[in-house]
Amino acid sequence: MTGDRRCRTCREVCTADVCPCCAAEARITARRTAERLADSGVPAAHRYRSAWGNLTISEPRGPYARTIARVREFVDRGNGTQVLFGPPGTGKTQALSVAVLSTIEAGRPARLIDPLSLLDECRAALAARDPKGWLARWSAYHVLALDEFTMAEQSDRFWPRFYWLLEKRHAAGSRTIIALNCARSDLIEALSPQLFDRARGSGGLIPFESWPSFRDEVQPPTEDAEPDADEAAPSDARQKGAAS
620 MTGDRRCRTC REVCTADVCP CCAAEARITA RRTAERLADS GVPAAHRYRS AWGNLTISEP
680 RGPYARTIAR VREFVDRGNG TQVLFGPPGT GKTQALSVAV LSTIEAGRPA RLIDPLSLLD
740 ECRAALAARD PKGWLARWSA YHVLALDEFT MAEQSDRFWP RFYWLLEKRH AAGSRTIIAL
800 NCARSDLIEA LSPQLFDRAR GSGGLIPFES WPSFRDEVQP PTEDAEPDAD EAAPSDARQK
860 GAAS
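Residues 620 to 863 in the numbering used here are what the sequence shown spells out, letter by letter.
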């Protein structure tokens with residue numbers, strides 16, 4: 620059939636239903652994707668959001684959508700380090716999750732991790748005298764997302780290796796995205812001047828602060844809440860029905 624792509628091995632039309640070679644390749648790809656998803660570090664609550672449009676469907680042209688577009692642009696075509704900052708509950712973890720999941724769905728390795736876990740792995744590598752192994756592992760991810768970034772408990776021995784990792788990832792054309800709950804005025808202190816300058820000169824400093832917390836949209840009912848007017852007083856029709 621004109622225009623059909625044929626397998627170079629068996630010359631069958633390249634579909635997983637017809638060509639055994641393509642079917643085998645599809646199984647390998649599916650298994651690799653499943654392994655990467657299991658290693659993604661994305662919380663189970665966010666795993667259903669594997670597409671960028673899932674984040675902005677209710678607000679396709681608002682400030683949140685424009686901010687998400689900047690993160691997506693960096694994931695698709697950027698390089699270096701990008702920082703997402705703002706109050707808690709403004710969608711930073713969701714953005715990191717989709718950045719990781721969409722990268723995995725596109726066939727590339729990605730991982731979400733909190734910096735303290737990364738620090739623990741670095742300490743273990745230093746204890747085992749294998750810092751290069753740690754560096755090689757975390758340099759291999761096309762997208763590395765660090766959530767809840769904090770300077771706390773990060774030793775002087777860790778920081779040179781952390782910057783070493785960022786430098787190696789930048790040289791390889793990889794993307795590192797860092798998210799933290801922080802006001803704009805405290806950003807340099809929260810990140811360190813070196814990391815602040817690195818992000819500003821590559822992926823940018825992206826504010827998640829022009830909209831209220833998504834957590835405020837769902838408020839649990841309180842025990843002493845006043846009932847609605849319709850519930851507090853029955854209608855005339857209900858009163859007549861009860862009287863009859």
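Each residue gets a CB set at the ideal place from its N, CA and C atoms; glycine is no exception. Quick caveat, the model's predicted, so the values are computed rather than measured.
CA-to-CA, the gap between Leu720 and Arg776 works out to about 31 Å. Here Ile807 has Phe815 as same chain residues with Cβ atoms under 8 Å from its own Cβ, once five neighbours each way along the sequence are excluded. The alpha carbon of Glu654 has as its nearest neighbour, out of Ala642, Ala684 and Arg730, the alpha carbon of Arg730. Residue pairing by DSSP places Leu731 opposite Ala764 in a beta bridge. Cα atoms of Gly726 and Ser811: separation of roughly 33 Å, rounded to the nearest angstrom.
Around the Cβ of Arg788, a 10 Å sphere holds 16 or more other Cβ atoms; the residue is buried. Scanning its chain for C-beta atoms nearer than 6 Å, with the 5 sequence neighbours on each side dropped, one finds around Gly822 the residues Phe693, Gly697, Gly699, Thr700 and Gln701, in chain order. Pairwise C-beta distances place the segment 671-686 out of contact with the segment 752-760, as fewer than three of them are shorter than 8 Å. Separation of Asn800 and Asp733 (C-alpha to C-alpha, rounded to the nearest whole angstrom) is 13 Å.
In the displayed model, Ala670 falls within coil according to three-state DSSP, outside both helix and strand. For Ala755, the three-state secondary structure derived from DSSP is helix.
With fewer than 16 other beta carbons inside 10 angstroms of its own, Arg803 counts as exposed.
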